[in-house]
Each structure stands twice: as structure tokens, then as C-alpha cells.
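Presented below is the structure to which this report refers.
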Amino acid sequence: VKNMLATAQSVFVQSLRSASTLKEAQEIAVGRIHSLATAQDLLTQEGWSGATMRDVVERSISPFDGADFRIAGPRILLGAKAVSTLSLTLHELATNSIKYGALSKETGSVTITWEVQPGDPAMLRFHWSEMGGPPVTPPKRRGFGSRVVENIVRAEFQGDAKIDFHKDGILYEIVAPMDRLTDNFDAYSGRASAEV
Numbered sequence: 296v297k298n299m300l301a302t303a304q305s306v307f308v309q310s311l312r313s314a315s316t317l318k319e320a321q322e323i324a325v326g327r328i329h330s331l332a333t334a335q336d337l338l339t340q341e342g343w344s345g346a347t348m349r350d351v352v353e354r355s356i357s358p359f360d361g362a363d364f365r366i367a368g369p370r371i372l373l374g375a376k377a378v379s380t381l382s383l384t385l386h387e388l389a390t391n392s393i394k395y396g397a398l399s400k401e402t403g404s405v406t407i408t409w410e411v412q413p414g415d416p417a418m419l420r421f422h423w424s425e426m427g428g429p430p431v432t433p434p435k436r437r438g439f440g441s442r443v444v445e446n447i448v449r450a451e452f453q454g455d456a457k458i459d460f461h462k463d464g465i466l467y468e469i470v471a472p473m474d475r476l477t478d479n480f481d482a483y484s485g486r487a488s489a490e491v
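Numbering (my numbering), first residue to last: 296 to 491.
Structure (C-alpha cells):
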């Protein structure tokens with residue numbers, strides 16, 4: 296709980312810094328804190344044992360009802376820390392897409408996929424792919440959202456996270472060792488049932 300409160304405080308302060316008006320700061324902060332609260336609700340529901348990737352993705356995008364999301368990937372149980380980090384990351388990606396990316400257009404869509412590549416260590420490959428949106432370019436200023444989806448994910452997951460800007464929207468990828476994301480990889484790995 297103490298770590299979550301510290302995270303919420305940091306999110307709130309960063310939201311104030313990045314906004315140009317008090318109303319904008321409020322909207323940004325409420326959205327980010329809601330994403331953290333959603334992660335906590337999911338973890339509480341599961342007895343703090345973690346949550347499946349699918350549940351995290353579905354809960355994270357649920358505030359954006361009506362947007363065209365396509366989701367596919369195997370059953371993977373994520374640990375509590377990964378649930379919170381990924382929830383905030385998905386919130387930042389979806390918010391950006393609604394404002395500037397593929398989801399700002401009626402014809403735009405986002406495909407979210409993940410897979411586990413065997414090896415030592417086994418690696419998660421997570422993809423967010425936008426299609427049908429306006430041309431996007433890298434932002435002139437890197438805000439808190441950019442830091443979340445790249446730097447914080449890299450630090451928390453000890454892997455790589457990158458955003459590529461393409462003509463239809465952004466492509467975002469996380470590549471990270473599974474042992475940084477889950478406490479029970481063998482029981483919930485991509486070798487289990489394929490969840491689509």
C-alpha cells in the first residue's frame with residue numbers, strides 16, 4: 296500500500312507539471328490514478344496473487360469503450376508490480392491514441408498482442424499496433440507518458456520498450472524476461488492454453 300501511495304503521489308505531481316491548465320491537470324491526474332486504482336482492484340480481486348495479461352489489458356482499455364481494440368495472446372499470470380506498471384502504460388498509450396493517434400479517427404484501430412518466446416530466459420514480446428489513424432510524428436517534448444511507456448517499463452521489467460512512429464499510428468513493443476513479470480512462469484506460460 297505504501298508503494299502504491301508513493302506511485303499515486305508521483306503520478307499526481309507529474310500530471311500537474313505536464314498540464315497547461317488546472318482543468319487539464321485534473322483530467323490527466325484522474326485518468327492516471329484511475330488506471331492505478333483499476334490495477335489495485337484487479338489485484339485485490341485475485342487475492343494479490345497477480346492477474347492474467349488478458350485481464351490487465353481488458354481492464355486497462357475498458358474506459359475507452361467504443362474504440363476498436365483487437366486482443367490476442369496466451370494465458371500469462373503477471374505479478375503485482377507488473378500489473379500496475381502495465382496498467383499505467385496501457386492507459387498512457389490509449390489516451391494518446393484517442394487524442395492524436397489511430398483511435399482519434401472513426402476508422403482507426405489498435406491491435407494488442409503478446410507471446411512468450413522460449414529460451415533461457417523466456418521472453419515476453421508485447422505489441423501495441425495502431426492502424427487507420429492520422430500520420431504521427433515523434434513529440435517535440437517528451438512528457439510523463441513517454442517516460443512511463445519507455446523508461447519506467449525498461450527499469451521495472453529489465454527489458455526493452457520502444458515506440459516507433461508510423462504513417463498510421465504508433466507501434467509500441469516491450470521485450471522483457473518473463474521472470475521479471477511473473478512469479479510463477481512455469482504454471483502460466485505461453486506453453487499453456489492459447490488464449491485468443
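Where a beta carbon is used, it is the ideal one built from N, C-alpha and C, also for glycine.
Check, Outcome
"From the DSSP output, which residues share a beta bridge with I458?", "Y467"
"With a CB to CB cut of under 8 Å and the five nearest residues on each side skipped, what residues in its chain are close to G454?", "M418, L419, V448, I469, V470, A471, P472 and R475"
"DSSP state of L476, grouped into three classes?", "coil"
"Got a sec? Which residues, its chain only, sit under 6 Å from F421 by beta carbon, not counting five neighbours each side?", "W409 and I469"
"D336 to S355, Cα distance in whole Å?", "11 Å"
"With a threshold of 16 other CB atoms inside 10 Å of the CB of H461, please say whether the residue is buried or exposed.", "exposed"
"Please classify P369 as buried or exposed, where buried requires at least 16 other C-beta atoms within 10 Å of its C-beta.", "buried"
"Should S382 and T347 be called a contact, given that it needs their Cβ atoms to be closer than 8 Å?", "no"
"Could you give the distance in angstroms between the alpha-carbon of L385 and the alpha-carbon of V405?", "11 Å"
"Report the partner residues of Q412 according to the DSSP bridge assignment.", "M418"
"Ends of the beta strand (DSSP E) at S367?", "For the sequence presented, residue 367 should be read as Ala rather than Ser. Element bounds for A367: F364 to A367."
"Where R442 and P413 are concerned, what is the direct C-alpha to C-alpha distance, given to the nearest angstrom?", "29 Å"
"I'd like the list of long-range same chain contacts for V444, defined as Cβ closer than 7 Å, with 5 residues on each side in sequence excluded.", "T384, E387, L388, A456, I458 and Y467"
"Going by CA-CA distance only, name the one from D350, G374, D360 and K318 that's closest to L398.", "D360"
"Cutting at 8 Å between CB atoms, please list the residues of its own chain near K376, excluding the five before and the five after it.", "E451"
"Alpha carbons only, please: which of D415, A362 and V378 is nearest the one belonging to N391?", "A362"
"Is it buried or exposed for S357, if we count other Cβ within 10 angstroms and need 16 for buried?", "exposed"
"Closer than 7 Å by C-beta to P433: which residues in its own chain qualify, once you throw out the five before and the five after it? Chain order, please.", "F460"
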